[in-house]
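Structure first, commentary second.
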Amino acid sequence: MIDLYFAATPNAWKVTIMLEETGLPYNLIPVSLGKGEQYTETFRAIAPNGRIPAIVDHDAAGEPLAVFESGAILIYLAEKTGRFLPADVHGRSRTIQWVMWQMAGLGPMAGQNGHFLLYAPEKLPYAIARYGNEVRRLYGVLDHQLGLTDDCVTGQYSIADMACFPWIMTHKKQGLTLDDFGNVKRWFATLRERPALQRGLAVGRSLSSSVEALGKEAHARLYGYEIERKA
Ligand SMILES: N[C@@H](CCC(=O)N[C@@H](CS)C(=O)NCC(=O)O)C(=O)O
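Structure (structure tokens):
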């Protein structure tokens, strides 16, 4: 069984998407970022960086294996299951390149852009322009790539798509419209129909510290999902 240390944020949803896509059983362990649980000694023994997501695979060879960093988790789960990471050297390298691009570029830049647009106590035009322009540029890079590969980031659905999707979900609050990125728009619409991806994204919304910080309505707007309302 895999323990997943989780809060409802894009980096953690990459992992729930992969777990749902592969059908691996997992045990969800909520980490309250608002309460600072990511900094406890117990959690940092698993994830030294003090950030979610992290997993512990109790069925790993030899002894339980802890993995932190969402990209490393995606690669680990792909290798464990033999799915969503091509075996041939070209496909494997291309997929890992795009996972790295998401990890080093799209994710951090969109995270900073979101921070300066939504959370920063004062509006800082320089920071908003710097990160906003970079996120727009990165969306353009993805759009160009999807124009070359047609359906998916590297030509077939893989961990590269799972890494990017949750960050594209935030496009409205990044100040962007997908109308400016036709290939991303098509890819986004196609992928969001996948039942496993939808299950992955539905995991733990109510546990999010950003729900605590923003409120339910704003969180749903930020990540582009519908709130289930009781009749
Ligand atoms: N590069 C890391 C980033 C992880 C990360 O930034 N996680 C955020 C939530 S999306 C977090 O734990 N934030 C807690 C904090 O800022 O204290 C990954 O992809 O796993």
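Each residue of the sequence shown is one higher than the one before, starting from 43 at the first, in my numbering. Backbone N, C-alpha and C fix where the C-beta goes; we use that ideal spot for every residue, glycine too.
### Message
Using DSSP's beta-bridge definition, name the partner residues of Leu70.
### Response
Leu46
### Query
So which of Thr64, Phe48, Leu61 and Pro67 has the shortest CA-CA distance to Leu75?
Phe48
### Query
Would you report the Cα separation of Gly197 and Met204, rounded to the nearest angstrom?
13 Å
### Message
Whole angstroms are fine: how far does the CA of Pro95 sit from the CA of Gly149?
### Response
14 Å
### Query
In or out: Gly174 buried (at least 16 other Cβ within 10 Å) or exposed?
buried
### Message
For a quick check, are the C-beta atoms of Arg46 and Leu70 less than 8 Å apart?
### Response
Looking at the sequence shown, residue 46 is not Arg but Leu. For Leu46 and Leu70, yes; Cβs fall inside 8 Å.
### Inter-residue spacing [alpha-carbon to alpha-carbon] between Arg86 and Met151
24 Å
### Message
Using only CA atoms, which one of His132, Gly224, Arg136 and Asp101 lies nearest to Leu119?
### Response
Asp101
### Query
With a CB to CB cut of under 8 Å and the five nearest residues on each side skipped, what residues in its chain are close to Ala273?
Confidence in Ala273 is poor, its pLDDT being 43 and thus under 50, which makes the residue's placement unreliable; the coordinate value appears in the next sentence. If we look at Ala273 and ignore the five residues flanking it on each side, it has no Cβ neighbours.
### Message
Whole angstroms are fine: how far does the CA of Glu62 sit from the CA of Tyr68?
### Response
9 Å
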